[in-house]
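Quick note, the sequence shown lines up with residues 0 to 122 if you use numbering that gives the first Met the number 0. Ideal Cβ placement from N, Cα and C applies to all residues, glycine included. Below: one structure, written as structure tokens.
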Amino acid sequence: MATILVVDDDSVSREILEALLEDADHRVLLASSGDEAIEIFKKNIVDAVITDIFMPGKTGLDTIRELREINPQVKVATVSGGSTFTAHEMLQWAENGVGAHTLQKPLKKTDVLKTVNELLAGR
């Protein structure tokens with residue numbers, strides 16, 4: 000069992016991820032903002048983070064940067080409900096230290112569990 004921090008300003012997305020991950024026997028911590036995620040991360044041992052990219056206030060990218068200042072080895076997957084990512088955006092994110100794992104909304108159970116398993120396995 001791993002502890003997964005889910006960060007998303009959309010309550011439905013948080014609930015979906017929580018249900019999928021708990022069904023897979025993971026402990027789930029929920030945050031509705033980047034600031035809340037940082038506070039939770041500081042107080043808990045977290046094995047992986049799944050964060051939305053586009054959130055009001057602190058974006059997912061800013062949140063990831065702060066999490067990596069606390070723990071450079073943090074394993075992260077990003078989520079977005081926006082349109083498709085361009086190659087330029089992906090390169091910029093890679094340069095900014097964002098992990099290669101991405102999930103597109105609407106979320107699919109098989110994609111979420113595969114991504115989490117890869118994160119936890121260090122791939």
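Determine whether the beta carbon atoms of residue i and residue j lie at a separation below 8 Å.
{"i": "residue 61", "j": "residue 32", "result": "no"}
{"i": "residue 119", "j": "residue 110", "result": "no"}
{"i": "residue 15", "j": "residue 47", "result": "no"}
{"i": "residue 129", "j": "residue 49", "result": "Outside the shown range of the chain, which is 0 to 122, sits residue 129, and nothing can be said about it."}
Between the alpha carbons of residue i and residue j, how many angstroms are there, rounded?
{"i": "residue 17", "j": "residue 1", "result": "13 Å"}
{"i": "residue 63", "j": "residue 21", "result": "23 Å"}
{"i": "residue 100", "j": "residue 115", "result": "9 Å"}
{"i": "residue 66", "j": "residue 41", "result": "9 Å"}
{"i": "residue 35", "j": "residue 26", "result": "17 Å"}
{"i": "residue 44", "j": "residue 121", "result": "17 Å"}
{"i": "residue 39", "j": "residue 69", "result": "12 Å"}
{"i": "residue 59", "j": "residue 52", "result": "4 Å"}
{"i": "residue 117", "j": "residue 73", "result": "13 Å"}
{"i": "residue 55", "j": "residue 71", "result": "24 Å"}
Report back the beta-carbon spacing between residue i and residue j to the nearest angstrom; my notes put them in contact at under 8 Å.
{"i": "residue 19", "j": "residue 112", "result": "7 Å"}
Inset, instruction - Pair every Cβ in the region 104-114 with every Cβ in the region 72-79, then say whether three or more of these pairs are closer than 8 Å. - result: The region 104-114 vs the region 72-79: in contact.
Legend entry - Within the region 96-122, ranges of the alpha helix (DSSP H) (whole runs, at least 4 residues): With a minimum length of 4 residues, the unbroken runs of alpha helix (DSSP H) contained wholly in the region 96-122 fall at 108-120.
Legend entry - Continuous beta strand (DSSP E) assignments of at least 3 residues falling wholly in the region 3-43: 26-30
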